[in-house]
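Engineer: Let me begin by handing over the structure; questions about it come next.
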Amino acid sequence: MKKLIIILFLIFIPQILSQNEFQNFINYVNSLPSQTLKTAAIDSFIVYARTRGIPFITGDSANFIYRGGVNSISIAGDFNSWNPNWNMVNLPQTNFWYYSRVFESDARLDYKFVTNGSNWILDPENPKQVMGGFGPNSELAMPMYVQPWEINYRANIPHGTVIDRTIFSVNVNTTYQLKIYLPPDYNSSPSKRYPTVYFQDGFEYISLGYAVNVIDNLLDSNKIQPVIAVFVRPNNRNDEYAGSKRNQYRLFFVNELVPYIDSTFRTIAQANKRLVLGDSFGGNISAIISYNHPDVFGLCGLHSAAFWPNNYEIYNQIINGPYKNIKWCSIWGTYEGSLVTNMRNFRDFLLNNNYQLRWKERPEGHSWGLWRATIDDILIYFFPPDASSNEEKSEILEGFKLYQNYPNPFGESSSSNLSSTKISWQSPISGNYRLKIYDILGNEVATLLDDYRDAGKNEVEINLIKTPKGLTLPSGIYFYQLTVGNYSITKKMIYLK
94 MKKLIIILFL IFIPQILSQN EFQNFINYVN SLPSQTLKTA AIDSFIVYAR
144 TRGIPFITGD SANFIYRGGV NSISIAGDFN SWNPNWNMVN LPQTNFWYYS
194 RVFESDARLD YKFVTNGSNW ILDPENPKQV MGGFGPNSEL AMPMYVQPWE
244 INYRANIPHG TVIDRTIFSV NVNTTYQLKI YLPPDYNSSP SKRYPTVYFQ
294 DGFEYISLGY AVNVIDNLLD SNKIQPVIAV FVRPNNRNDE YAGSKRNQYR
344 LFFVNELVPY IDSTFRTIAQ ANKRLVLGDS FGGNISAIIS YNHPDVFGLC
394 GLHSAAFWPN NYEIYNQIIN GPYKNIKWCS IWGTYEGSLV TNMRNFRDFL
444 LNNNYQLRWK ERPEGHSWGL WRATIDDILI YFFPPDASSN EEKSEILEGF
494 KLYQNYPNPF GESSSSNLSS TKISWQSPIS GNYRLKIYDI LGNEVATLLD
544 DYRDAGKNEV EINLIKTPKG LTLPSGIYFY QLTVGNYSIT KKMIYLK
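Be aware that the sequence shown starts at 94, since it is given in this note's numbering, and climbs by one per residue.
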């Protein structure tokens, strides 16, 4: 009998939820007259929710759910400064707990559950996790968040070489471990020299930020110049990045580490080809190094820079000090407490004082989930592909436009109720055009056009229910890329089957 009830609920749950989604389900379970019926309804909902993804997202709300015999359960995460004060509600006569909250459509946040006041656990129904400095966290990714394809290892592309080194610092009186990335063409181009990227918290940028994969993928897709990357492991990051050893560490970086790298590897020994970047306190020391030595590091990348140590020492030095020839890139999350205001003020100062700056503010927290997904933004900004050999392609850029597909979203479950969408573009040249579709991991899933087209405006209609290869694609976010000659443009679209 219970199996029959579950089957019936599996049939009707989607209709129940489509009216007002999750809250209607809660109201429905509360209206049922017996514990048996409530349990059966929850059983079927859990089965259905797993097909949609948990936390169960309805509109702009994320619905956290938990099922188990606990006395209490709360949620802690980026959204509440990791204070477990979001208390989940228990459905009467059940072991089902829930909590609903509105988030931005492209938010991405880390969280954990806390049962019985002290037991911190991952969300058992959520397979999506992000590693942090203190272990894994469960990940809430709202529907419009695009997962970073560039962090994934791809076996079929050229890979750089990572070698291990150590260096003793006289200034700090200690030995530092290094990992040095050499690009794929390093050994085959013996006369070529390369820009250099220095990573604070370097080993974590590799293990938690997947920086080696990012560089490999950006090089393979021609999004950056080949670079040498130097990953530096701190011994005591609090002292070296923000505390009593910060000045000794700064001198180690500019007077010992950089000369060693420049003398050992084929670098371009110029400040405008040398980047120092870091996260949190690593951003603090990166700013200290660059602002005090712009003749060595003319490029500075900041991932959620924590400027507060020593009464905002480096922040005040930059704000109140003279202009230095430094190019900046600053990225932070809106769920980072007081750091958000500081980063916004720092951004405004740089822009108002004629510094070169690229900045990005994301609905995320102070975490490797944010930093790993934006390493590419920093590298692309500072080291774009060499344009000197692509003059014809730059000319094409002036008149080559790819428009947003319409309708978007599309598919039979979208508001348009159409299984197809149209993609149009404007181009000043005739030639062979290729239109490809990629999933959010960067995998090619279909080639929809590979044909000659005249200059001017062109349009194609596509249907993802059945691709030219006969594949049926699931609902989700996809990218369509149009290529002619050496130039390509990519845009995002949403398919709802």
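Glycine is no exception: its CB is placed at the ideal position from the N, C-alpha and C atoms.
Put K562 into one of helix, strand or coil per three-state DSSP.
Structural biologist: Low confidence applies to K562: its pLDDT is 49, below 50, so where it sits in the model is not reliable enough to give any reading.
Engineer: Among residues of its own chain, excluding the 5 on either side of W190, which ones have a beta-carbon nearer than 6 Å to its beta-carbon?
Structural biologist: So the qualifying residues of the chain are Y159, I166, M181, N183.
Engineer: Just grab the DSSP bridge partners of K420 for me.
Structural biologist: K420 is bridged to L392, Q449.
Engineer: Buried or exposed for G226, please, with buried defined as at least 16 other CB atoms from any protein chain shown within 10 angstroms of its CB.
Structural biologist: Exposed, since its Cβ has fewer than 16 Cβ neighbours within 10 Å.
Engineer: My guess is that L202 and E429 are in contact by the Cβ rule of under 8 Å, so how many angstroms apart are they, rounded?
Structural biologist: In fact, because the Cβ distance is near 11 Å, the residues do not count as touching under 8 Å.
Engineer: S383 lies in the alpha helix (DSSP H); which residues open and close that run?
Structural biologist: Counting along the chain, the alpha helix (DSSP H) containing S383 begins and ends at 374-385.
Engineer: Between L347 and V320, is the Cβ-Cβ spacing less than 7 Å?
Structural biologist: A small fix is needed here, since residue 347 is Val in this sequence, not Leu. No, Cβ-Cβ distance for V347 and V320 is not below 7 Å.
Engineer: In angstroms, rounded to a whole number, what distance separates the CA positions of E488 and T151?
Structural biologist: With a pLDDT of 43 at E488, under the threshold of 50, the predicted position of this residue should be treated as unreliable, though the coordinate-derived value follows. Near 45 Å, if we compare the C-alpha coordinates of T151 and E488.
Engineer: If we count the other Cβ atoms within 10 Å of its Cβ and call it buried at 16 or more, is P561 buried or exposed?
Structural biologist: At P561 the pLDDT is 49, less than 50, meaning the model places this residue with poor confidence and gives no usable figure here.
Engineer: How would you label T289, buried or exposed, when you count the other beta carbons within 10 angstroms and need 16 or more for buried?
Structural biologist: It counts as buried.
Engineer: Excluding sequence positions up to five away, which residues of its chain have a Cβ less than 7 Å from the Cβ of N230?
Structural biologist: D203, Y204, K205, Q222, V223, listed in sequence order.
Engineer: In the DSSP assignment, find the beta strand (DSSP E) that holds Y588 and state where it starts and stops.
Structural biologist: Its beta strand (DSSP E) spans residues 580-588.
Engineer: Looking at the secondary structure, which residues open and close the alpha helix (DSSP H) in which S356 lies?
Structural biologist: Start and end: 351-357.
Engineer: Residues in the same chain with beta-carbon distance under 7 Å from S174, minus the five sequence neighbours each way, listed in chain order, please.
Structural biologist: Counting only Cβ-Cβ distances below 7 Å, and skipping sequence neighbours, we find G430.
Engineer: I need the DSSP call for Y496, collapsed to helix, strand or coil.
Structural biologist: Y496: coil per DSSP, three-state reduction.
Engineer: Under 6 Å Cβ to Cβ from N310, same chain only, skipping five residues before and after it: list those, please.
Structural biologist: Around N310: E243.
Engineer: Does DSSP put V347 in a helix, in a strand, or in coil?
Structural biologist: Reduced to three states, the DSSP call for V347 is helix.
Engineer: Could you check which residue in I407, Q186, T208 has the C-alpha nearest to that of W179?
Structural biologist: Minimum Cα distance to W179 is reached at T208.
Engineer: What are the complete beta strand (DSSP E) segments, minimum 3 residues, inside the region 124-152?
Structural biologist: Segments of the beta strand (DSSP E) lying fully in the region 124-152: 149-151.
Engineer: If you pair each beta-carbon of the region 236-255 with each one of the region 296-309, do three or more pairs fall below 8 Å?
Structural biologist: These segments touch.
Engineer: Terminal residues of the continuous beta strand (DSSP E) containing N156?
Structural biologist: First-last of the beta strand (DSSP E) with N156: 154-160.
Engineer: Secondary structure at S167, three-state DSSP: helix, strand or coil?
Structural biologist: Strand, per DSSP.
Engineer: Using DSSP with H/G/I as helix, E/B as strand and the rest coil, what is W213?
Structural biologist: It is a strand residue.
Engineer: Is the beta carbon of Q293 closer than 7 Å to that of G375?
Structural biologist: Yes; because the gap between Cβ atoms is below 7 Å, this pair is in contact.
Engineer: Among P477, S523, E554, which residue has its Cα nearest to the Cα of K316?
Structural biologist: Cα-wise, what sits closest to K316 is P477.
Engineer: Applying the criterion that 16 or more other CB atoms from any shown protein chain within 10 Å of the CB defines a buried residue, is Q112 buried or exposed?
Structural biologist: Below a pLDDT of 50, predicted positions are generally treated as unreliable, and Q112, at 42, falls in that range; the measurement from the model is reported next regardless. Answer is exposed; the Cβ neighbour count stays below 16.
Engineer: If I570 and I530 are in contact, beta carbons under 8 Å, what's the gap, nearest whole angstrom?
Structural biologist: 11 Å between Cβ atoms; not a contact.
Engineer: Would you call the CB atoms of H386 and W464 closer than 7 Å?
Structural biologist: Taking 7 Å as the Cβ cut-off, H386 and W464 do not qualify as a contacting pair.
Engineer: Are any of the Cβ atoms in chain C nearer than 7 Å to that of F400?
Structural biologist: The structure shown contains no chain C; it is built from a single protein chain.
Engineer: Under 7 Å Cβ to Cβ from I299, same chain only, skipping five residues before and after it: list those, please.
Structural biologist: Excluding sequence neighbours, I299 sits near K272, V305, F324.
Engineer: Leaving out the 5 sequence neighbours to the left and right, which residues in its chain are closer than 6 Å to N280 when beta-carbon positions are compared?
Structural biologist: Once the five neighbours on either side are set aside, N280 has no close Cβ partner at all.
Engineer: What would DSSP say about I533, mapped onto helix, strand or coil?
Structural biologist: Residue state, collapsed to three classes: coil.
Engineer: Under three-state DSSP, which class holds G524?
Structural biologist: Here G524 sits in strand by DSSP.
Engineer: Find out if the Cβ-Cβ distance for the pair Y573, R546 is shorter than 7 Å.
Structural biologist: Their beta carbons are not under 7 Å apart, which means Y573 does not touch R546 by this criterion.
Engineer: Going by the beta-carbon positions, is the gap between A155 and L215 smaller than 7 Å?
Structural biologist: It is not a contact, given that the beta carbons lie outside the stated cut-off.
Engineer: My assumption, with CB atoms under 8 Å, is that K285 sits in contact with R343. Please give the rounded CB distance.
Structural biologist: Not confirmed; about 30 Å, so no contact.
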